[in-house]
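So the sequence lines, in the order shown, correspond to chains A and B. Start counting the first sequence at 65; every next residue gets the next number (the working numbering). Start counting the second sequence at 65; every next residue gets the next number (the working numbering).
Number of protein chains: 2
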Amino acid sequence: MAARATSKTSESSDKVSVICRALRRAIIEQALEPGAKLPEDSLGERFGVSRTIARHALGQLAAEGLVELRRNRIAVVATPSWQEARDAFDIRIELERLVVRQLAGKLTKAQIAELNAHVDAEDRARGGTDAVSIRLATEFHILLAQMTNSPILVRYVSEVAYRCCLTLSLYSRPHSTECAINEHRAIISALAKGDEAKVMDLMHHHLDSVANRALVAPTPQRGRDLLDILAPYADDAASDRVVKMPKLARRG
Amino acid sequence: MAARATSKTSESSDKVSVICRALRRAIIEQALEPGAKLPEDSLGERFGVSRTIARHALGQLAAEGLVELRRNRIAVVATPSWQEARDAFDIRIELERLVVRQLAGKLTKAQIAELNAHVDAEDRARGGTDAVSIRLATEFHILLAQMTNSPILVRYVSEVAYRCCLTLSLYSRPHSTECAINEHRAIISALAKGDEAKVMDLMHHHLDSVANRALVAPTPQRGRDLLDILAPYADDAASDRVVKMPKLARRG
DNA sequence: AGACATCAAACTGCATGCAATTGGTGCGCT
DNA sequence: AGCGCACCAATTGCATGCAGTTTGATGTCT
């Protein structure tokens, strides 16, 4: 109860947050792969706003870690290193354990129904594209976070979940979502039973196995090749950068 | 070893991040109290930049939860509710437990020396103003986070620590920092010994007691009076806002 | 005197314009 | 051919200008 107004937190005005939402979604559905360029002009044109607004939106997304901004350079979708990805999952595990700890035994019937409905949707989406499955799986976790009624927790869980999505598209192979769906169901039922310890454990292992399915080996050779491989070497050289490459993903 | 470049994460260019840093510092040192107005013009003038830049900086700080942006209204320093403050501390506890878990037994001699030096500085600052003590105490935690070499963890710990600072200036009385300093020392020595379980516990109780010293009672009557008290009542009215009232606490 | 309507100043929302930097292409030199 | 340099298009960095909204104040009516 007491549905909070929620969105007042950050997200300055309207146009900016529209762009942010669109880009976030495009990123987690992998329509925009890591490394994809995001020129201010194109964005502005695409969304019917000026560069000023597009720029502002990019700033917000950079603050969330979804895009990388380099001075005087075109913004790109973030390309987290393998280690950063692992770190993100570690943080996510702690945060989501906190979520289910707060939620265990405190959900209303309506909320449980909502969660089940969401997982049903995940189930139905199994036939569709990976992109949709991944998005729905992520949204399940965000939905849980929202039920804590803690705007801060929602924000952090959302951010870190999006970042984890990003890594999935970098390091993960085709993806298998079925087990994840079962794990979601198990979490819901443990939440309903109010078994705090168990649900924390379930969440822990759920996320851990997602991470392990994704981050198979600490070898970044696959993923966005050269870029990552060379990144560490350019670490103390002031310029980080894009070694020259014929095309590198742009969408008109 | 392998000191990362770190700051490439967000913080778009230069001027913007200068303003962000300045404001963050002003906020955690309580030079800017919660509720303080931050007009774009004044900021721009103060820092010798245009409104565009000031605006961008405010956007970043809003994304961090330090300022609140309301459409067509002057931005203000965030005024977290008591519940939000409690939530922030809960998250902080989990994040910092993760920090010390990763750090236990893995610190170099030099790092331990750096930590001790920092606490010495905290000690010396005991005679000074509260503002400096609070800042140093916060920076101790951020310093710890930085030693994990995990940019994401650094970012989240920093943000949440700043938010907790904000809270302190809202709900806490004059403040007593001595015990906190001792607790910092205890954490360092447990880290050096490599006692993972113990250091996690120390950190947990340290933060918990800081939170409890600060968030004494769930009565927001003290703090930024009327504003908070009335906030929940205006909750479902679409317009968030200020019920109309003769004066309602503002600072010029 | 108190409350309400009206108006001006202040401020934000946003687009556009100009200077500066970057990356790339093609030319000339070796 | 290979390498380097100069020039150009593309793009960002930032300031300014204008329109719309909010705030607060003045004036008027009861």
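We put the beta carbon where it would ideally sit given N, CA and C, even for glycine.
Item, Value
"Within chain A, the residues that H120(B) reaches when beta carbons sit closer than 7 Å", "H120 and G123"
"Three-pair Cβ contact test at 8 Å for the region 78-87 of chain B versus the region 191-204 of chain B", "no"
"When E160(A), D105(A), I92(A) and I206(A) are compared against E260(A), the one with the closest alpha-carbon", "E160(A)"
"Bridge partner(s) assigned by DSSP for K101(B)", "V140(B)"
"Contacting positions in the region 127-138 of chain B - beta carbon closer than 8 Å to chain A", "A127, E128, G129, E132, L133, R134 and R135"
"Residue closest to E223(A), alpha-carbon to alpha-carbon, out of H248(A), G169(A) and I91(A)", "I91(A)"
"Where the alpha helix (DSSP H) containing T193(B) begins and where it ends", "From DSSP, T193(B) is part of no alpha helix (DSSP H); its letter is neither H nor E."
"Cβ neighbours of V80(A) in the same chain (closer than 8 Å, five flanking residues each side left out)", "I117, H120, A121 and Q124"
"Assigned exposure category for D151(B) - 16 Cβ within 10 Å defines buried", "buried"
"Pick from E247(B), L96(B) and Q94(B) that is closest to V325(B), judged by C-alpha positions", "Look at the range of chain B in this structure, 65 to 316, and you will see that residue 325(B) is not part of it."
"Own chain, CB closer than 7 Å to D105(B), minus 5 neighbours either side, in chain order", "R115"
"Burial state of R110(A) (16 or more Cβ within 10 Å)", "exposed"
"Which listed residue (A139(A), T143(A), M267(A) and A127(A)) has its alpha carbon closest to that of L232(A)", "T143(A)"
"V221(A) in three-state terms, based on DSSP", "helix"
"Within 8 Å, strictly: CB atoms of L38(A) and I252(A)", "Shown here, chain A extends from 65 to 316; a query on residue 38(A) therefore has no answer."
"Run of the alpha helix (DSSP H) containing M211(B), from where it starts to where it stops", "First-last for M211(B): undefined, no H or E at that position."
"Chain B residues whose Cβ lies nearer than 7 Å to that of I206(A)", "Chain B residues near I206(A): none, gap ~16 Å exceeds 7 Å."
"Short CB-CB distance (under 8 Å) between S214(A) and chain B", "yes"
"Spatially closest choice to D184(A) from G169(A), T172(A), V82(A) and E203(A), by CA coordinates", "E203(A)"
"For R89(B), the first and last residue of its enclosing alpha helix (DSSP H)", "K79 to I92"
"Cβ neighbour criterion (16 or more within 10 Å) applied to A275(A)", "buried"
"Beta-ladder partner(s) of V263(A), from DSSP", "According to DSSP, V263(A) bridges with nothing at all."
"Residues sharing a beta bridge with V131(B), DSSP", "V141(B)"
"Secondary structure of L162(A), DSSP reduced to three states", "helix"
"Same chain only: Cβ atoms within 6 Å of P103(B), ignoring 5 sequence neighbours per side", "I138"
"Residues, ordered as in the chain, of the region 98-119 of chain A that lie near chain B by beta-carbon distance below 9 Å", "T116 and R119"
"Three-state class that DSSP yields for D292(A) in the structure shown", "Confidence at D292(A) is low in this model, with a pLDDT of 48, below 50, so its placement is unreliable and no value can be given for it."
"Distance between D187(A) and G258(A) (C-alpha atoms, nearest Å)", "24 Å"
"Coil, strand or helix - A95(B) by DSSP", "coil"
"Pair within 8 Å by beta-carbon distance, Y220(B) and Y226(A)", "no"
"Closer than 8 Å to chain A by CB, L217(B)", "yes"
"Short CB-CB distance (under 8 Å) between E160(B) and chain A", "no"
"Nearest residue (CA-CA) to A177(B), options E128(B), E93(B), M211(B) and A149(B)", "M211(B)"
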